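**Student:** Per UniProt numbering, the sequence shown starts with residue 1, numbered consecutively. The C-beta atom is built at its ideal place from N, Cα and C for all residues, glycine as well. A quick note: this is a predicted structure, and the numbers were derived from the prediction, not measured.
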Amino acid sequence: MERFSKSLADFPGLPVPDQCLRSHTVNRLIDMEMNYGPDDLDCSEDRHSRPLNGEQQIAYDMVLHSVYTNEGKCFFVDGFGGTGKTFLWRAICEQLRFEKRIVLCVASSGIAALLMVGRRTAHSRFHIPLDCDTKSTCNIEQGSEVAELILNASLIIWDEALMAHKHNIEALDRTLRDIFRVKHVDSELKPFGGMTIVFGGDFRQTLPIITKGTRTEIVNSSIKRSYLWRSMTVLKLTENMRLKLPLSEASARLAISNFCKWLLEIGDGTNSNIFGESIIPIPLHICVPRRSDPIPDIVAEIYGQLLSTENMSTYLVERAILAPHNDTVAAINDYVLGLFLGEEVSYFSSDSLEIDAKNQHVEEGDYTVEFLNSLKNGNFPEHELKLKLGCPVILLRNLDQSTGLCNGTRMIVKRLGKWFIEVQILTGTHVGDTVFLPRLSLSVHYKSLNFTLVRRQYPIALSYAMTINKSQGQTLNHVGICFQRQVFSHGQLYVAMSRVTSKRGLKILSCDSQGKPVKTMQNIVFTEIFE
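(1) Decide if the region 402-412 is in contact with the region 304-317; the criterion is three or more beta carbon pairs, one per stretch, under 8 Å apart.
(2) How about glycine 81: is its C-beta nearer than 8 Å to some C-beta of chain C?
(3) State whether the region 208-226 contacts the region 97-107, with contact taken as three or more CB pairs (one from each stretch) at a distance under 8 Å.
(4) Just verifying my parser: in three-state terms, what is the DSSP assignment at cysteine 391?
(5) Pull up the DSSP beta-bridge partners for histidine 478, would you.
(6) From isoleucine 524 to lysine 236, what distance separates their C-alpha atoms?
(7) Whole angstroms is fine: what's the gap from glutamate 71's alpha carbon to valine 146's?
(8) Helix, strand or coil: which one does DSSP assign to glycine 200?
(9) At what residue ranges does the region 90-157 contain a whole run of the beta strand (DSSP E), taking only runs of 3 or more?
(10) What are the complete alpha helix (DSSP H) segments, minimum 4 residues, inside the region 413-492?
(11) DSSP on glutamine 514, reduced to helix/strand/coil?
(12) Residues in its own chain within less than 6 Å of valine 444 by CB, not counting five upstream and five downstream?
(13) Could you name the residues of the same chain whose beta carbon sits closer than 7 Å to that of valine 288, not counting the 5 residues immediately before and after it, in chain order?
(14) Let's see if you can read the secondary structure: which residues bound the beta strand (DSSP E) around phenylalanine 76?
(15) Pop quiz: alanine 320 and threonine 467 are said to be a contact at Cβ under 8 Å. What is the actual Cβ separation, rounded to whole angstroms?
(16) Tell me which residue opens and which closes the beta strand (DSSP E) that aspartate 297 is part of.
(17) When you compare each of Ser498, Gly491, Cys511 to arginine 215 by their alpha carbons, which one comes out closest?
(18) Helix, strand or coil, according to DSSP, for valine 345 in the structure here?
(19) Excluding the five sequence neighbours on either side, which residues of its own chain have a C-beta within less than 6 Å of the C-beta of leucine 440, listed in chain order?
(20) Within 10 Å of its beta-carbon, does proline 283 have 16 or more other beta-carbons around it, so buried, or fewer, so exposed?
(21) Please tell me whether threonine 206 and asparagine 469 are closer than 8 Å, where the distance is taken between their beta carbons.
(22) Which stretch, first to last residue, makes up the alpha helix (DSSP H) that contains aspartate 327?
(23) According to DSSP, isoleucine 508 sits in a beta bridge with which residue or residues?
(24) Given a cut-off of 8 Å on the beta-carbon distance, is the pair leucine 389 and valine 435 in contact?
(25) In the DSSP assignment, find the beta strand (DSSP E) that holds methionine 232 and state where it starts and stops.
(26) Is methionine 312 helix, strand or coil when you go by DSSP?
(27) Roughly how many angstroms separate the alpha carbons of glycine 505 and arginine 290, rounded to a whole number?
(28) Give every residue of the same chain whose Cβ lies closer than 7 Å to the Cβ of asparagine 333, excluding the five residues on either side of it in the sequence, and list them in chain order.
(29) When you compare only the Cα positions, how much space is there between tryptophan 158 and serine 471?
(30) Could you name the residues of the same chain whose beta carbon sits closer than 8 Å to that of threonine 368, not counting the 5 residues immediately before and after it, in chain order?
(31) Which class does lysine 224 belong to by DSSP, given the choice of helix, strand or coil?
(32) Following a CB-centred definition, is glycine 201 positioned closer than 7 Å to any heavy atom of the ligand MG?
(33) Nearest to leucine 353 by CA position, among Val393, Glu148, Leu449, is which residue?
(34) Hey, out of Ala164, Val103, Ala91, whose CA is closest to glycine 110's CA?
(35) Just to confirm before moving on: does the CB-CB distance between methionine 241 and glycine 82 stay below 8 Å?
(36) Give me the Cα-Cα distance between leucine 387 and proline 438, rounded to the nearest whole angstrom.
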């Protein structure tokens, strides 16, 4: 239960330990954070001389100074992929943990949460509600184990913060101001109760997802439009550390440099012409020529050796097709699965309505089972899940981050049982581990229908293709981008193209609004987010 942030108190009807006994027991959360071993930390004498560049060193010194002097400053580290944000986080964490201090590392996505030892998603660590508003607080009680953990922590690092809605971050702010009342009399007047906190992100990447949100609504949902932004000290990382890697040829270094420059122009929108939108020509050597239909053409480019490869796991983990829209992704996955040899197995969900205070007007008989089965959601398993042995799948929920099972983990199917699916992890910190997945009851609220759907199904989806938003945080060697329909929001083109580190691994197929092949692609940048 501890790994899943649960206790006996979360289950009505079960006895809980006596409060007097609990007061004499060790806080297990604190104990876990204080017991990092040699495998987790660099305990060598030269850890102080780690090769940080000038910008990283400034950020490192400022953060540690705030921790050591209890200044309680708020920082935002802004840097594109390759500038060494994760390297900086590790340097800070190792130094403070070597000193037996507690650092709470979180990220907005499950994939980003796997990049560091001890990191979890922000929602999981701080019990942030799923639907936050301007008055929300985290579900943390004063005096609880989580509250004591926070009180004993020296620093919070929140990576990929731009993916989080500002209301989530503000909920943590209100909670920390309350928790730290027992430690600082003026905590209610200080951002995050006077605790040092570091956020990280790249303004070129996608912003919080707002269903059918306008441009203004999306921008206003970001941390930059929060009342907390004026308290942030912004630290910029601009030096591309990938160019520092030992490369055998100068031409390879130049190719990476040119590719990064091109990506930054796309991310910054410097080639935009009308209100942050632009039409960009696709270089000929990465443009996929149309021979037949878009889907077979892009699949042939990325999965051309699918039926003849010997090491299927390696082949699948290094490639994927990305698209902006869920229906395109579903069509590609169905097509590739049809090419794959083997017997197809279908798993059907059990769907029902959740009747609670919010849905008192709804009755089970109001909607047919067939209608519930037809409902689809981007981050929700399908009613009919079609699989074959050896096909790649992606996890749609955070199950157990300590074992590498988080939202976005890619796996390969090893066995299709009646009551379970056996998979092998392809990405993250537990590559090669075998896992048995059960069916889970998952819920999603449909505001337009004003009810909550409960679907019992395996929490996975095929991952020959995935949406651009889902791919954020993934690193691949071969990426095909299918613009059967063009991007529709800020940062999507930048995110899709930055999944690879060079143009050699990139292929793009693009269509216009009538479905005709074109050699251009649309870019959308909300330039006001940079102001």
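**Tutor:** Once the coordinates are examined:
(1) With the cut-off at 8 Å, the region 402-412 and the region 304-317 touch.
(2) Among the chains in the structure shown there is no chain C, since it carries only a single protein chain.
(3) The region 208-226, when compared against the region 97-107, does not touch it at the 8 Å Cβ threshold.
(4) Numbered from its first residue, the sequence shown carries residue 391 at position 391. In the displayed model, cysteine 391 falls within coil according to three-state DSSP, outside both helix and strand.
(5) Start at 1 with the first residue of the sequence shown, and residue 478 comes out as number 478. Under DSSP, histidine 478 forms a beta bridge with Arg319.
(6) The residue given as residue 524 occupies position 524 in the sequence shown. The residue given as residue 236 occupies position 236 in the sequence shown. Counting only the Cα atoms, lysine 236 lies some 23 Å from isoleucine 524.
(7) Residue numbering aside, residue 71 sits at position 71 when the sequence shown is read from its first letter. Residue numbering aside, residue 146 sits at position 146 when the sequence shown is read from its first letter. Glutamate 71 and valine 146 have their C-alpha atoms roughly 23 Å apart.
(8) By one-based count along the sequence shown, residue 200 stands at place 200. In the structure shown, glycine 200 sits in a strand (DSSP, three-state: E or B).
(9) Counting whole runs of 3 or more residues, the region 90-157 contains the beta strand (DSSP E) stretches 102-107.
(10) Listed in chain order, they are 468-471.
(11) In the sequence shown, counting from the first residue as 1, residue 514 sits at position 514. Coil.
(12) Sequence index remark: in the sequence shown, residue 444 carries index 444 (1-based). Correct list, in chain order: Asn377, Phe380, Leu453.
(13) The residue you call residue 288 lines up with position 288 of the sequence shown. For valine 288, where only same-chain residues beyond five positions count, the Cβ hits under 7 Å are Asp297, Ile298, Glu301, Lys507, Ile508, Leu509.
(14) For the purposes of this step, residue 76 is taken as the residue at position 76 of the sequence shown. Counted as a single uninterrupted DSSP element, the beta strand (DSSP E) harbouring phenylalanine 76 occupies residues 74-79.
(15) In the sequence shown, the residue the question calls residue 320 occupies position 320. In the sequence shown, the residue the question calls residue 467 occupies position 467. Threonine 467 and alanine 320 do not touch by the CB rule: their CB atoms are close to 11 Å apart, not below 8 Å.
(16) The residue given as residue 297 occupies position 297 in the sequence shown. Taken as a continuous stretch (DSSP letters only), aspartate 297 belongs to no beta strand (DSSP E), being part of the alpha helix (DSSP H) at 294-302.
(17) Counting from one through the sequence shown, the residue named residue 215 turns up at place 215. Each of Ser498, Gly491, Cys511 was checked against the Cα of arginine 215, and the nearest Cα belongs to Gly491.
(18) Residue numbering aside, residue 345 sits at position 345 when the sequence shown is read from its first letter. Strand.
(19) Counting from one through the sequence shown, the residue named residue 440 turns up at place 440. Shown here for leucine 440: same chain residues with a beta carbon closer than 6 Å to its own, the five before and five after excluded, namely Pro459 in chain order.
(20) Here residue 283 is taken as the residue at index 283 of the sequence shown, counted from 1. Exposed.
(21) Taking the first residue of the sequence shown as 1, we reach residue 206 at position 206. Taking the first residue of the sequence shown as 1, we reach residue 469 at position 469. It is a contact, given that the beta carbons lie within the stated cut-off.
(22) By one-based count along the sequence shown, residue 327 stands at place 327. First-last of the alpha helix (DSSP H) with aspartate 327: 326-339.
(23) Taking the sequence shown and counting its residues from 1, one reaches residue 508 at position 508. According to the DSSP secondary-structure assignment, isoleucine 508 is paired through a beta bridge with Cys287, Ile481.
(24) Looking up residue 389 in the sequence shown gives position 389. Looking up residue 435 in the sequence shown gives position 435. A distance of 8 Å or more separates the beta carbons of leucine 389 and valine 435.
(25) Along the sequence shown, read from residue 1 onward, the residue named residue 232 stands at position 232. 232-237 is the extent of the beta strand (DSSP E) around methionine 232.
(26) The sequence position of residue 312 within the sequence shown is 312, counting from 1. Note: methionine 312 maps to helix in three-state DSSP.
(27) For this step, residue 505 is matched to residue 505 along the sequence shown. For this step, residue 290 is matched to residue 290 along the sequence shown. Using only the alpha carbons, I get a separation of about 19 Å.
(28) Mapped onto the sequence shown, residue 333 falls at position 333. Close CB contacts of asparagine 333 within its chain, under the 7 Å cut and outside five residues either way in sequence, are with Leu462, Tyr464, Ala465 (chain order).
(29) Numbered from its first residue, the sequence shown carries residue 158 at position 158. Numbered from its first residue, the sequence shown carries residue 471 at position 471. Their Cα atoms are separated by approximately 19 Å.
(30) As a first step, residue 368 must be located in the sequence shown, where it is residue number 368. No residues qualify anywhere along the chain.
(31) For the purposes of this step, residue 224 is identified with residue 224 of the sequence shown, where counting begins at 1. Three-state DSSP puts lysine 224 in a helix.
(32) Although the ligand MG was asked about, the structure shown includes no ligands whatsoever.
(33) Here residue 353 is taken as the residue at index 353 of the sequence shown, counted from 1. Residue nearest to leucine 353 within the set Val393, Glu148, Leu449 is Leu449 (criterion: CA-CA distance).
(34) Here the question's residue 110 lines up with position 110 in the sequence shown. For the residues Ala164, Val103, Ala91, the minimum Cα distance to glycine 110 belongs to Ala164.
(35) Position 241 of the sequence shown, counted from the start, is the residue given in the question as residue 241. Position 82 of the sequence shown, counted from the start, is the residue given in the question as residue 82. Less than 8 Å separates the beta-carbon of methionine 241 from that of glycine 82.
(36) Mapped onto the sequence shown, residue 387 falls at position 387. Mapped onto the sequence shown, residue 438 falls at position 438. Taking the straight line from one Cα to the other gives about 15 Å.
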